[in-house]
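Yeah, the sequence shown ends on 1612 if you go by our numbering, and it's all consecutive.
Here a beta-carbon is modelled for each residue, glycine too, at the ideal position from N, C-alpha and C.
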Amino acid sequence: MEIKTLQVGPIGTNCYILCDEQAKACAVIDPGGEAERIAAAVKATGCALKKILLTHGHYDHTGGVLGLLDAFPPLAVYIHRADLEMPLPQLFPLNSEMGSLPGFSGVNFYGEGDHISVGGLDVQVLHTPGHSEGSVTLRCGDILFCGDTLFAGSCGRTDFPGGSMKKIMASLKRLGELPGDLRVLPGHMEPSTLDRERRSNPYLLQAMRGGM
């Protein structure tokens, strides 16, 4: 397994390319913009792009989807159903524009407990709402792709439509209680580890104490 990280789009969203080098297959997680740059990075891996996996539907995590669909048809796109139709201007227009692309047959929905394969890699879907109703954390081995749920030293904002402080605290508690020192790859800012966040992240500490 190899992971490439790019900061893309207007606010430097972390876009990840998850590669199974043996199978020569990869997935892009949260292509927030600059589709041509992401496409070039995918080609440099030598792996075939099979899937786009979205941690949630906000524009800064989905802005490169159409460009990748155009560059790599056919291509499967996965999102939690609750984030498919967000109030504008948050959501990238998944329904209205994707249907006109060649090789695109529709959005695939995933949710709690689902498993998505990337070559021989297994990606488990954890529904972690709070930043948005359809936010998910994607676990692959000892790695958590947390989107905008858990950040290094912080957590995602909850003041957008569909956000909930109560729900994000429950999601943070769930992540904090996962066994082991898993690697945390967030949607923004630097990577971290669960042990580090369990020691020093005030939001995670509060969530694990059961507080609001």
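query	result
Would you say the stretch 1465-1472 touches the stretch 1434-1445, given that touching needs at least three Cβ pairs under 8 angstroms?	yes
Could you tell me which of M1569, H1588 and P1579 sits nearest to M1608, measuring between CA atoms?	M1569
Per DSSP, C1447 forms a beta bridge with which residues?	Per DSSP, none; premise fails for C1447.
Would you call T1455 buried or exposed, if buried means 16 or more other Cβ atoms sit within 10 Å of its Cβ?	buried
Might you give, ordered along the chain, the residues of its own chain that have their beta carbon closer than 7 angstroms to the beta carbon of M1589, omitting 5 neighbours on each side?	F1551 and A1552
Kindly list the residues whose CB is nearer than 6 angstroms to the CB of A1423, restricted to its own chain and excluding five residues on each side of it in sequence; keep chain order.	G1519 and G1520
What does a CB cutoff of less than 6 angstroms around M1565 pick up in its chain, not counting 5 residues either side in sequence?	T1558
Whose CA, out of T1445, T1413, D1460 and A1439, lies closest to the CA of A1425?	T1445
By how many angstroms is the C-alpha of T1413 removed from the C-alpha of I1429?	11 angstroms
Since I believe H1527 is in contact with G1541 (beta carbons under 8 angstroms), could you give me their beta-carbon distance rounded to a whole number of angstroms?	Wrong, their Cβ atoms sit about 19 angstroms apart, outside the cutoff.
Taking the beta strand (DSSP E) that D1522 falls in, what are its first and last residues?	L1521 to H1527
Going by other Cβ atoms of all chains shown within 10 Å of its Cβ, with 16 needed for buried, is S1532 buried or exposed?	buried
From the DSSP output, in three-state form, read off G1553 for me.	coil
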